[in-house]
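As structure tokens, the structure follows; a few thoughts come after it.
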Amino acid sequence: MRCIYCRDRSGFIRKTCRVCACVLAIVERDAGMLGWTELVDRFALEGLSREQVNRVLDAEIGEAPTLRDQLTSRMANVLMRGLGMPGRQSPEDVRRVRLGMAAGEGEGGWTPAEKSSGTS
Ligand SMILES: [Zn+2]
Numbered sequence: 466m467r468c469i470y471c472r473d474r475s476g477f478i479r480k481t482c483r484v485c486a487c488v489l490a491i492v493e494r495d496a497g498m499l500g501w502t503e504l505v506d507r508f509a510l511e512g513l514s515r516e517q518v519n520r521v522l523d524a525e526i527g528e529a530p531t532l533r534d535q536l537t538s539r540m541a542n543v544l545m546r547g548l549g550m551p552g553r554q555s556p557e558d559v560r561r562v563r564l565g566m567a568a569g570e571g572e573g574g575w576t577p578a579e580k581s582s583g584t585s
């Protein structure tokens, strides 16, 4: 078998390799309680590189929203409810916006330029 996320060997029956399984475990345990920054810290604490994390978060498996889409929707909803708004953005919504932006349609309110550019 090969890992469904990074295509590394994962063993005979496992669909994910050890590294990707570790990323998944952190996401499942901590997402929703932690924001992106804390989550990134948690990954670093486990010795996971940004690349190892990204390939899991951004893996496109069939037509399903990526893990990053799911996290984005969950965090956006928590944020909106905190502001007293009905947070109802589904992972599918996030995926549609993302694909729309990739195609240059510019659907939705925020632009890729607003993403943190990592300047220090
Ligand atoms: Zn893997």
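In our numbering, the protein residues as written are 466 to 585. Backbone N, C-alpha and C define an ideal beta-carbon position, used for all residues, glycine too.
For residue i, the three-state DSSP class (helix, strand or coil)
i, result
"Leu499", "strand"
"Arg474", "strand"
"Arg533", "helix"
"Arg520", "helix"
"Arg479", "coil"
"Arg560", "helix"
"Arg546", "helix"
"Arg467", "strand"
"Ala568", "coil"
"Ile491", "helix"
"Arg539", "helix"
"Arg553", "coil"
"Leu504", "helix"
Residue j beta carbon less than 8 Å from that of residue i
i, j, result
"Val492", "Leu536", "yes"
"Arg474", "Arg483", "no"
"Asp534", "Arg494", "no"
"Tyr470", "Ala509", "no"
Nearest residue (CA-CA) to residue i, options the options
i, options, result
"Val521", "Cys485, Arg561 and Ala496", "Cys485"
"Arg553", "Gly512, Arg539, Arg561 and Arg563", "Arg539"
"Arg546", "Asp506, Tyr470, Leu504 and Gly497", "Gly497"
"Ser555", "Ala567, Ala509, Ala529 and Gly549", "Ala529"
"Ala490", "Arg507, Ile526 and Ala524", "Arg507"
"Ala541", "Lys480, Gly527, Val559 and Gln517", "Val559"
"Gly527", "Gly565, Trp501 and Glu557", "Glu557"
"Leu499", "Ala568, Gly565, Leu544 and Pro551", "Leu544"
* Asked: Any residues whose CB sits closer than 6 Å to a heavy atom of ligand 1? List them in chain order?
  -> Cys468, Tyr470, Cys471, Asp473, Thr481, Cys482, Val484 and Cys485
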